[in-house]
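Below is one structure, written out as structure tokens; comments come after it.
Numbering (mature numbering (1 follows the signal peptide of the UniProt record, and there is no 0)), first residue to last: -15 to -1, 1 to 317.
Structure below.
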């Protein structure tokens, strides 16, 4: 990483006082855990200052959580030496263009179970890591295709995000610069398949398309958008269809450092223009009286609850989780 003009972005005020010795120890632990190597003392000092600000804010938030003012906790993770602006630029890559003339799912009207967790049904692959590439849309699309493929074939096969990153530009996606899950589905339809992860591994950079027809892991014939803004329709889909691709507002400091509990940030946007990150809803439930969505992220297991987050459910479509959601159909 290069030395950046970032010290000016570091806030002066902190919620609570943290001894410098503690911060020094935690920063060294962070560098070791996440293999950080900086280009000289200038960049290290700048990153140390960002880490300190983030660490102080994390501790302040958790103090509020322990006193009952917050429903979730934060923790130092791989983004602890990033400003929030850098974080949003490096990992969030959902785009807002909508597909035209897409079939809309409005729900079944059936009575639904109180709790759903598709991981227990063997249709969810392990948490993956998009790294510093805005390919969240590819991971979200792949996760929902993997789920439908497993439900149909009874075989859980890890599919290739890199295939989508490299090959779906004609459908409107921009590789590591962002994309849309529906455009990824459209590519797989037109391409008559998507390769397996093992045959087309993830590189976290834009490369030349090397799709191999003989390595196809799944095909699909269509996709449906879920009624925009309807958490009840999304709940029906998660309960009866399987893992669902969803877009959310993941831009806040609290999302950057989420660690545990039911995420509830009232500043989180729910409009189409607020959405900046693609993830996958793989279940829902209730924890300590709080309704939640069980969401699989693509930031490795070092983030959140082993790579997952419990997001508030039935709180006015918080973070826009029901604003732009979809799933593939006819998956084989």
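Built from N, CA and C at the ideal position, the CB exists for glycine as well. Remember, predicted model here, so these are calculated numbers, not experimental data.
If you compare alpha carbons, which of 171, 265, 238 is closest to residue 44?
238
Fully enclosed by the region 52 to 128, which beta strand (DSSP E) runs are 3 residues long or longer?
For the region 52 to 128, whole beta strand (DSSP E) runs of length 3 or above, ordered along the chain, are 57 to 59.
On the DSSP letters alone, give me the boundaries of the alpha helix (DSSP H) that residue 269 sits inside.
In the DSSP assignment, residue 269 falls outside any alpha helix (DSSP H) and lies within the beta strand (DSSP E) extending over 262 to 272.
Grouping DSSP H, G and I as helix and E and B as strand, with all else coil, what is residue 235?
Residue state, collapsed to three classes: coil.
Look at the alpha carbon of residue 168 and the alpha carbon of residue 103, and state the distance between them as a whole number of angstroms.
24 Å
By the 10 Å Cβ neighbour count, where 16 or more other Cβ atoms means buried, how is residue 177 classified, buried or exposed?
exposed
For residue 133, count neighbouring Cβ atoms within 10 angstroms of its own Cβ and tell me buried if that reaches 16, exposed if not.
buried
For residue 213 and residue 157, I'd like the C-alpha separation in whole angstroms.
21 Å
From residue -6 to residue 209, what does the alpha carbon distance come to, in whole angstroms?
Legend: pLDDT at residue -6 = 38, less than 50; position of this residue unreliable, no value from coordinates given.
So if DSSP puts residue 181 in a beta bridge, which residue, or which two residues, is it bridged to?
144
From residue 152 to residue 196, what does the alpha carbon distance come to, in whole angstroms?
8 Å
Roughly how many whole angstroms lie between the Cα atoms of residue 113 and residue 57?
23 Å
Would you mind giving the Cβ-Cβ distance between residue 228 and residue 204, rounded to the nearest angstrom? I have them listed as a contact below 8 Å.
With a Cβ gap of about 17 Å, residue 228 and residue 204 do not count as contacting.
Taking C-alpha atoms, which residue in 33, 18, 207 lies nearest to residue 6?
Looking at 33, 18, 207, the one whose alpha-carbon comes closest to that of residue 6 is 33.
Ignore the nearest five residues each way along the sequence and tell me which others in residue 202's own chain have a CB closer than 7 Å to its CB.
Excluding residues within five positions, the ones whose Cβ falls inside 7 Å are 142, 144, 179, 180, 181.
Along the alpha helix (DSSP H) that carries residue 172, what are the first and last residues, could you check?
166 to 176
Between the region 296 to 313 and the region 229 to 249, do three or more beta carbon pairs fall short of 8 Å?
yes
Check this for me: beta carbons of residue 260 and residue 233, under 9 Å apart or not?
yes
Please identify the residue among 221, 47, 74 whose C-alpha is closest to the C-alpha of residue 61.
47
Mapping DSSP to helix, strand and coil, what is residue 301?
coil
Residue 345 bridges to which residues according to DSSP?
The chain is shown from -15 up to 317; residue 345 falls before or after that span and cannot be answered.
Assuming residue 269 contacts residue 101 under a Cβ cut-off of 8 Å, what Cβ separation, rounded to an integer in Å, is found between them?
The pair is a contact, with the Cβ atoms about 6 Å apart (cut-off 8 Å).
Is it buried or exposed for residue 38, if we count other Cβ within 10 angstroms and need 16 for buried?
buried
Considering only C-alpha positions, which residue in the set 139, 27, 77 is nearest to residue 316?
Among 139, 27, 77, the Cα nearest to that of residue 316 is on 139.
Take residue 241 and list the residues in its own chain whose beta-carbon comes closer than 7 Å to its own, dropping the five residues that flank it on each side.
64, 69, 72
Alpha carbons only, please: which of 8, 79, 94 is nearest the one belonging to residue 162?
79
Secondary structure at residue 204, three-state DSSP: helix, strand or coil?
coil
Rounding to the nearest angstrom, what Cα-Cα distance links residue 283 and residue 271 in this structure?
For residue 283 and residue 271, the gap between their C-alpha atoms comes out near 23 Å.
Which residues does DSSP pair with residue 187 in a beta bridge?
In DSSP, residue 187 forms no bridge with anything.
How should residue 302 be labelled, buried or exposed, when 16 other C-beta atoms within 10 angstroms of its C-beta is the threshold for buried?
So residue 302 counts as buried.
If you draw a straight line from the C-alpha of residue -10 to the C-alpha of residue 236, how long is it?
Its pLDDT being 37, under 50, residue -10 is placed unreliably by the model, and the measurement read from it follows with that caveat. Rounded to the nearest angstrom, the two C-alpha atoms are 18 Å apart.
Hey, residue 96 and residue 127 are a contact pair by Cβ (cut 8 Å); roughly how many whole angstroms apart?
Not confirmed; about 31 Å, so no contact.
Return the CA-CA distance between residue 67 and residue 14, expressed in angstroms with no decimal places.
For the pair residue 67 and residue 14, the Cα-to-Cα distance works out to about 16 Å.
Taking 9 Å as the threshold (C-beta atoms), are residue 305 and residue 123 in contact?
no
Quick one: what does DSSP say residue 25 is sitting in, helix, strand or coil?
helix
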